[in-house]
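Quick note: the sequence shown uses the numbering used here, first residue 892, plus one each step.
No residue lacks a Cβ here, since even glycine has one placed at the ideal position from N, Cα and C.
As the structure is a prediction and not an experimental result, all values here were calculated from the model.
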Amino acid sequence: MKKEERLTRYINTIPKTPGVYEFFHARELLYIGKAANLRDRVKSHFRAPSYQDRLFMDKVTRIACLETPSEIDALLLEASLIKKRQPKYNILWKDDKKYFYVEITKEPLPRVSLTHQPNRTQRADTAHSIGPFTDGRALKFALRVLRRAFPYYASTKKHGVLPCGYCHLDLCPGPSPDARSYKGPLPGRKKLQGVNKKTQSGA
């Protein structure tokens, strides 16, 4: 069976659910991506390849998918796998302005911010970074959801002595939070680094 026919048959079996997909050339991992609809997203790489897609899609010989409970879980899993497995074409573009990182300062009352350039020399000793994330819009949505459950400081500057607008929305701990409930790593940080997943074997 030709490669194209084999891949097409597999793609038609991919579920239309959120998750992460992986493109391989033999055993070499080329690229990792995430999707709200795995089947449609994988198809789009073949039907309407972007400039970046054209650099590696002809090399793809195998596809694997990992289903997740939600698109947010897919976003988190994608970032975790890219950081752990260093796929060739994700890493090639890691300094692209489209890539995002979450930075959490190493303070008793941590602050959270987004950046394109994590842990540069001047910040490496003062902040943790989580990422890379490829979808800035989905990442910002995930942080908004997380903030409703775990209010945190989202400014790069320290909080003033008066309550801010976010305090009145219960999205900020305020000028004098209970240090015992907010000290150490940001509550909910593990949510940014962990995810539930279900594996589907690839083509």
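Ala926 - containing alpha helix (DSSP H), residue span | Ala926 -> not in any alpha helix (DSSP H); beta strand (DSSP E) instead, spanning Glu919 to Ala926.
My guess is that Pro1064 and Pro1042 are in contact by the Cβ rule of under 8 Å, so how many angstroms apart are they, rounded?
-> Yes, they are in contact, since the Cβ atoms of Pro1064 and Pro1042 sit about 5 Å apart, within 8 Å.
Tyr942 to Arg932 span [Cα, whole Å] | One C-alpha to the other measures close to 16 Å.
Pull up the distance between the alpha-carbon of Thr1012 and that of Ala939, whole angstroms please.
-> Low local confidence applies: a pLDDT of 45 at Thr1012 is under 50, so the model's placement there is unreliable, and no value is given.
Cα-Cα, which of Lys979, Ala1045 and Arg1028 is closest to Tyr922?
-> Ranking the options by Cα distance to Tyr922, first place goes to Lys979.
Is the stretch 944 to 960 touching the stretch 896 to 914 in the sense that three or more CB pairs, one from each, lie closer than 8 Å?
-> Yes: at least three Cβ pairs fall under 8 Å.
Determine the contact status of Leu966 and Ala1033, defining contact as a CB-CB distance below 9 Å.
-> Closer than 9 Å, so yes.
Quick one: is Thr959 buried, meaning 16 or more other Cβ sit within 10 Å of its Cβ, or exposed?
-> So Thr959 counts as buried.
Could you give the distance in angstroms between the alpha-carbon of Cys1058 and the alpha-carbon of Glu994?
-> Here the alpha carbons of Glu994 and Cys1058 stand approximately 21 Å from one another.
Can Pro906 and Arg930 be called in contact, C-beta distance under 9 Å?
-> Less than 9 Å divides the Cβ of Pro906 from the Cβ of Arg930.
Taking only the alpha-carbon atoms, compute the straight-line gap between Ser1020 and Thr908 and give it to the nearest angstrom.
-> Straight through space, the alpha carbons of Thr908 and Ser1020 are spaced by roughly 28 Å.
I think Asp1026 touches Lys934, with their Cβ atoms under 8 Å apart; what is that distance to the nearest whole Å?
-> Actually they do not touch by this definition, with Cβ atoms about 18 Å apart.
Member of Ala970, His1050 and Gly1051 whose CA lies at the smallest distance from the CA of Ala1029 = For the residues Ala970, His1050 and Gly1051, the minimum Cα distance to Ala1029 belongs to Ala970.
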